[in-house]
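Notes to accompany the following structure.
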Amino acid sequence: MTEIVRNEGREAVLLVGGGSLCAAAVPLLLAAGLAPAGVIHGPRCDFVAEAGVPPLGRDADLARLRRDFSRAVVTAPHKQAARLRCLLHDALRELGFTLVSAVHPDARREQDVLVGAGNLIFAGASLAAGCRTGTGCVLRAGACLEAGCRLGDHVHLGEGAHLGADVIVETGAHLGREVRVDAGLRLGKNIFVPDSVHLTPQTLPLYGAGGEQGERV
Numbered sequence: 001m002t003e004i005v006r007n008e009g010r011e012a013v014l015l016v017g018g019g020s021l022c023a024a025a026v027p028l029l030l031a032a033g034l035a036p037a038g039v040i041h042g043p044r045c046d047f048v049a050e051a052g053v054p055p056l057g058r059d060a061d062l063a064r065l066r067r068d069f070s071r072a073v074v075t076a077p078h079k080q081a082a083r084l085r086c087l088l089h090d091a092l093r094e095l096g097f098t099l100v101s102a103v104h105p106d107a108r109r110e111q112d113v114l115v116g117a118g119n120l121i122f123a124g125a126s127l128a129a130g131c132r133t134g135t136g137c138v139l140r141a142g143a144c145l146e147a148g149c150r151l152g153d154h155v156h157l158g159e160g161a162h163l164g165a166d167v168i169v170e171t172g173a174h175l176g177r178e179v180r181v182d183a184g185l186r187l188g189k190n191i192f193v194p195d196s197v198h199l200t201p202q203t204l205p206l207y208g209a210g211g212e213q214g215e216r217v
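If you want it as structure tokens, here you go:
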């Protein structure tokens, strides 16, 4: 079981959303010097611990919990649910929470890189010079952004995804594991790209916007 550190200078953070991303985020937060305080589940989801972090409430409890906690990160799943993640970020901001970004110490950031609020950037990810990420982005282990890439809000890059230089990925996009994107391409809002696809000017039109279905967990 993961030991939850509440002292030693770490600031407690609520994890909003359970499931596999939440479980993976627990060691990420600890590595980044943050203390996972508890998990907030959706209204119809199992009220369970995630990676040793106890459940503290459901969405409706966030206003009450704001009296004791000021920092949060959205750990709800991303796949075909970017709209849900957007709503959760908006709700947290309206309640006055600070959206925390957790960047693993083994992630690499070159000069002039800007990381947005509420990002989860896992070990081995790399962002070359001039890259920008929006709010609520998730970069799984080994994701690579070459120079000048831009990510909109709530973009997910799977493990080992690789963006060539100056790629623009618009809001809500989900790229699976080992996806490769040729330099200079622009990926539209809510595009869904499955694992191991190579996006080129010829193959990009085959992939449209992903759906918005998905359960809150």
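Under our numbering, the letters of the sequence shown match residues 1 to 217, in that order.
Where is the CB? At the ideal position from N, CA and C, for every residue including glycine.
Everything numeric in this text was worked out from a predicted model, so none of it was measured.
Item: Contact check, residue 103 vs residue 16 under 8 Å by CB: the rounded distance?; Value: Between residue 16 and residue 103 the Cβ distance is about 18 Å, and since that is not below 8 Å, they are no contact.
Item: Tell me, please, whether the region 183-196 touches the region 159-172 by the rule of three or more beta-carbon pairs shorter than 8 Å.; Value: yes
Item: What are the complete alpha helix (DSSP H) segments, minimum 4 residues, inside the region 42-83?; Value: 62-65
Item: Three or more C-beta pairs closer than 8 Å, one from the region 27-39 and one from the region 83-92: is that the case here?; Value: no
Item: Which of helix, strand or coil does DSSP assign to residue 91?; Value: helix
Item: Rounded to the nearest angstrom, what separates residue 206 and residue 141 at their Cα positions?; Value: 26 Å
Item: Residue 147 by DSSP, collapsed to three states: which one?; Value: coil
Item: Comparing alpha-carbon positions, which option in 139, 183, 108 lies nearest residue 153?; Value: 139
Item: Less than 8 Å separating the beta-carbons of residue 50 and residue 26?; Value: yes
Item: In whole angstroms, what separates the C-alpha of residue 114 from that of residue 136?; Value: 13 Å
Item: Does the distance from the C-beta atom of residue 106 to that of residue 130 stay below 8 Å?; Value: no
Item: Let's see if you can read the secondary structure: which residues bound the alpha helix (DSSP H) around residue 25?; Value: 20-31
Item: If the criterion is Cβ atoms closer than 8 Å, does the pair residue 100 and residue 21 meet it?; Value: no
Item: Per DSSP, which residues does residue 205 bridge with? Please list them.; Value: DSSP lists no partner for residue 205.
Item: Exposed or buried, what is residue 94 when buried is set at 16 or more other beta-carbons lying within 10 Å of its beta-carbon?; Value: exposed
Item: In angstroms, rounded to a whole number, what distance separates the CA positions of residue 218 and residue 133?; Value: No answer is possible for residue 218: the residues shown for the chain start at 1 and end at 217.
Item: Taking the DSSP output, what are the residues bridged to residue 12?; Value: 35
Item: Hey, would you say residue 162 sits closer than 8 Å to residue 144, going by beta carbons?; Value: yes
Item: Can you give me the Cβ contacts of residue 47 inside the same chain, cut-off strictly under 8 Å, excluding the 5 residues immediately before and after it?; Value: 41, 55, 58
Item: Could you tell me which whole alpha helix (DSSP H) segments of length 4 or greater appear in the region 99-138?; Value: none
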